[in-house]
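Chains as they are written, first to last, in this note's numbering: chain C, 7 to 118; chain G, 960 to 1865.
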């Protein structure tokens, strides 16, 4: 464990993007999404775990993801989320926006 | 609810999350307890997150609803004609239902406006019919002042009791554990002449026992109400008046208290005023005057005093209030043996003992059932009709929506392919149809307000103190609102499901859309509309025919140009023998009114003869032969002339027939033929056995119908002279030049100059008096004709709309046919044939349905069979003509399609 991982509050709205990106690789249940984000960020990003669920609800209501009841690897009933076609479009938009934003920040930071 | 399911799922997800997290932490070496706590800590506030999610759904729900409503508004505005038509027809349909339902609610469902009405019970009795096999009256009921009505299994039911029964049952209240906390009696005092400060009017009166107001738990609007101290022989005569009377006659309840009034010329003191909503126990009558029971001795004479001790005369009605915790069945079980014991003692023969009345209790919360018995069946019939009209309306609009949904298939397909959820689109379409229906319902309420007023007017036709308290209350409005929403959902469902069928690609490719299945739904709806319209047309036809039959009944006397009105000299204080001279003088003065060619009087109008109570009772004999089935009509001078009844031989009753002179009679031709054959009856005698009265027959009149139009009506009539039997209540008849009602003012002046205290009641033309006996038939005929026109119109629009749409949709196909050489006539026929097939299918369903449904209204028909072939044929012809008319315009349009233009569009 060691140092305290950084909380993800620097980029509002980026949680949605992270979830969509995660789901674009594979279908997962809530806890799995969280684990994936943490592992693939080398534990740099620590999502406030509870916030995941309102976010999932919001994404589902927008028809960007779709939840169906399924079974986890250790045989427990869980809602497995998958990304929809609309969700992929949304992810593309978000990714472009994010790329622009990071590029802009990098320029500012590199300007000295 | 969807949101409850969601909430549950979310809870389960969060639980799973916490469990998995704890398991991971435990695997990292934490103890199970610490792991759970840590998992919770890292998760944050579970409840708060749950709440946040809920907020997301709700905001979403409302924002979508807002979107749907706005979108629906735009769609409606874009199709103004369609929306207006849909809203208008729905308003008519829902409004008619609301109006009929509010009448039903007020007549059949509403409770008395008193405290705890559910603990009130009405006391009735039932027994086998009083006549034995040889038609002789064998029953402890020797006389009755009131009505019987049929109960189950051929029994007879009545609410009238002898006073002795009331006293006996009343004693149970003073015993241990009584079943009632109050028992009270009452009886209809009919019309009394109420004179206040010299101004006389005729008002409805109710005699009530001392416990009446306490039992009903009524509290006075002013003063005090009648109590036990007021109701015994010799008590000071006091009266309670209605709220309306106190306002109209005294300028408000407080002013009335302590005032002296004259009831049938007997002085009474007003002690109290009932609250405005109070109308006693019978929703059919709202008395203006409540009098202590025992005052009937002062008002109704010596005969009334005898009623109290006569155990075989049934006249008083009773209601009881159950003590808390006592059920109606318990009360009946406790009281029935007491009544049985009492009534057994009043039987004097074996025959009477074999058929004793048995006490039974009925719920009293809705008051007496007279209105309910009279109107429940007609109202159910009307409700069924308006219900059917609403079904047609919904089918019609659903059809139009289907057609429009087809036109919108492209729009829907685009939205579906862009990822809109099917449910979302269904919801949006349903929002649109519910909006239409809600607007329809709102306008329907306006229509219903008017409808209730005119229905009350129609039903009350001619009844002076008709008191139907029908209004649109919140209960009715709630039902209307529910009805509108249900209609909206029903009529939107088919089109909504239709337009979101998942063959998106097909719809996108082919702009006009339209799969065969679609047309089936439309056709089913059209066929249903035609079948239902046919039902309503048949009903209307049957009722109109019934009315026609009633109107064509041969009266044998004049219907037009006769003005009738009633007077009661005894109630105004006149006494024998001056009553006779008063009436005689008045007749002469009335006859001298310019424009009145003759005036006469009789005990009642001819149409209501036999209802007014007989002047002569018992058997009539001619020589030794008993006269069977003859009616007696007490008439004044010039009766036959005024009524334009021909005098065949001899003379009619004239002024010379005085109280002291030889009693005379005029008989009708049928009576003369039956009992005298071809001999002249003039100079012969007819005897009233019980009265020991010999009348000399002085003339023979032509036949006429005695009594009502429906109840057989006898034409064997004996006219006797009014001056020789002096009835209290008489009906004057004036033969007028021109509109009889234009003489009303003169009549009032003449009567006022003769006696200013005497109220003129029941002023009506002979034609209206006759119509009022067939009021129900008139109302049904008028309403059903209206309903039938409405149904036909709606079905017509539906058929026209469907055919127009089909022609438009098939323009390409028709174009090809025409390009291949089809004649215009053939195209017209092609469209018309389809219309006729639909109409024929509708009739195929409608005819058997009408045949069985019309049995239900059999009891409302007069000399008309429920399966009357003429009516069925006429309804069929009307419907087919309407169908052809609806199909012809689209057919013409089809035949004018330009093949080239149509093919280019294809």
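Beta carbons: idealized from backbone N, C-alpha and C, even for Gly.
>> Am I right that residue 1125 (chain G) and residue 1117 (chain G) are in contact with their C-beta atoms under 8 Å? What's the rounded C-beta distance?
In response: So it is not a contact: roughly 14 Å between Cβ atoms.
> Between residue 1660 (chain G) and the rest of its own chain, which residues show a CB-CB distance below 8 Å, the 5 nearest in sequence each way excluded?
Replying inline: 1599, 1604, 1605, 1606, 1607, 1611, 1625, 1626, 1627, 1628, 1676 and 1678
> Would you say residue 1005 (chain G) faces chain C, with C-beta separation under 9 Å as the test?
Replying inline: yes
> Which ranges would you report for the alpha helix (DSSP H) in the region 1690 to 1745 of chain G if only whole runs of at least 4 residues count?
Replying inline: 1703 to 1713 and 1725 to 1732
> If you draw a straight line from the alpha carbon of residue 1137 (chain G) to that of residue 1183 (chain G), how long is it in whole angstroms?
Replying inline: 27 Å
> For residue 1038 (chain G), which residues of its own chain have a beta-carbon under 8 Å away from its beta-carbon, when the five flanking residues on both sides are left out?
Replying inline: 1363
> The beta strand (DSSP E) with residue 1580 (chain G) in it runs from where to where?
Replying inline: 1579 to 1581
> Just how far apart, CA to CA, sit residue 1504 (chain G) and residue 1823 (chain G)?
Replying inline: 7 Å
> According to the Cβ coordinates, are residue 1581 (chain G) and residue 1634 (chain G) closer than 9 Å?
Replying inline: yes
>> Comparing C-alpha positions only, which one of G:1129, G:1397, G:1802 and G:1617 sits nearest to residue 1031 (chain G)?
In response: G:1397
> How would you write the range of the beta strand (DSSP E) that residue 1106 (chain G) sits in, first residue to last?
Replying inline: Per DSSP, residue 1106 (chain G) belongs to no beta strand (DSSP E) and is neither H nor E.
> How close, in whole Å, do the beta carbons of residue 1400 (chain G) and residue 1439 (chain G) come, if the pair is a contact with beta carbons under 8 Å?
Replying inline: 6 Å
> Helix, strand or coil: which one does DSSP assign to residue 1675 (chain G)?
Replying inline: coil
> Going by DSSP, which residues form a beta bridge with residue 1867 (chain G)?
Replying inline: Outside the shown range of chain G, which is 960 to 1865, sits residue 1867 (chain G), and nothing can be said about it.
>> Taking DSSP's pairing of strands, which residues face residue 1090 (chain G) in a bridge?
In response: G:1096
>> So, for residue 1508 (chain G): in the same chain, excluding its five sequence neighbours on each side, which residues have a beta-carbon less than 8 Å away from its beta-carbon?
In response: 1821, 1822 and 1823
> Along chain G, in chain order, which residues have C-beta atoms closer than 7 Å to that of residue 36 (chain C)?
Replying inline: 972 and 976
> Starting from residue 1214 (chain G) and walking both ways along the beta strand (DSSP E), at which residues does that stretch end?
Replying inline: Where residue 1214 (chain G) is concerned, there is no enclosing beta strand (DSSP E), although the alpha helix (DSSP H) it sits in stretches over 1212 to 1215.
> With a cut-off of 8 Å, do at least 3 Cβ pairs link the region 1510 to 1519 of chain G to the region 1719 to 1733 of chain G?
Replying inline: yes
> Pick from G:1250, G:1187, G:1303 and G:1161: whose alpha carbon is nearest that of residue 1169 (chain G)?
Replying inline: G:1187
>> Just to confirm my understanding: we take residue 6 (chain C), look at its own chain, exclude 5 residues before and 5 after, and list those with CB closer than 8 Å. What are they?
In response: An answer regarding residue 6 (chain C) cannot be provided, because it is not within the stretch 7 to 118 covered by chain C.
> My guess is that residue 65 (chain C) and residue 25 (chain C) are in contact by the Cβ rule of under 8 Å, so how many angstroms apart are they, rounded?
Replying inline: 6 Å
>> Suppose you measure from the CA of residue 1434 (chain G) to the CA of residue 1447 (chain G); what does that come to, to the nearest Å?
In response: 20 Å
>> Quick check on residue 1281 (chain G): buried or exposed, where buried means 16 or more other Cβ atoms within 10 Å of its Cβ?
In response: buried
>> Strictly by DSSP, which residues pair up with residue 1280 (chain G)?
In response: G:1079 and G:1141
> Taking Cβ positions only, does residue 76 (chain C) come closer than 9 Å to chain G?
Replying inline: no
> Distance, Cα to Cα, residue 978 (chain G) vs residue 42 (chain C)?
Replying inline: 17 Å
>> Quick check on this structure: which residue in G:1355, G:1385 and G:1351 has the alpha carbon closest to the alpha carbon of residue 1367 (chain G)?
In response: G:1385
> Nearest-angstrom Cα distance between residue 1403 (chain G) and residue 1495 (chain G)?
Replying inline: 21 Å
>> Am I right that residue 997 (chain G) and residue 59 (chain C) are in contact with their C-beta atoms under 8 Å? What's the rounded C-beta distance?
In response: Contact doesn't hold; Cβ gap of about 19 Å is too wide.
>> Quick check on the burial criterion: 16 or more other C-beta atoms within 10 angstroms. Buried or exposed for residue 1853 (chain G)?
In response: buried
> Are the beta-carbon atoms of residue 1706 (chain G) and residue 1693 (chain G) separated by less than 9 Å?
Replying inline: yes
> Once you ignore the five residues that flank residue 1470 (chain G) on each side, which residues in its own chain have a CB closer than 7 Å to its CB?
Replying inline: For residue 1470 (chain G), the predicted model reports a pLDDT of 47, less than 50, meaning its position is unreliable; a value from the coordinates is still stated below. If we look at residue 1470 (chain G) and ignore the five residues flanking it on each side, its Cβ neighbours are 1369.
>> For a cutoff of 9 Å on Cβ pairs, would you count residue 28 (chain C) as touching chain G?
In response: no
> Taking Cβ positions only, does residue 1384 (chain G) come closer than 9 Å to chain C?
Replying inline: no
> With 16 as the cutoff for other CB atoms within 10 Å, does residue 1479 (chain G) come out buried or exposed?
Replying inline: exposed
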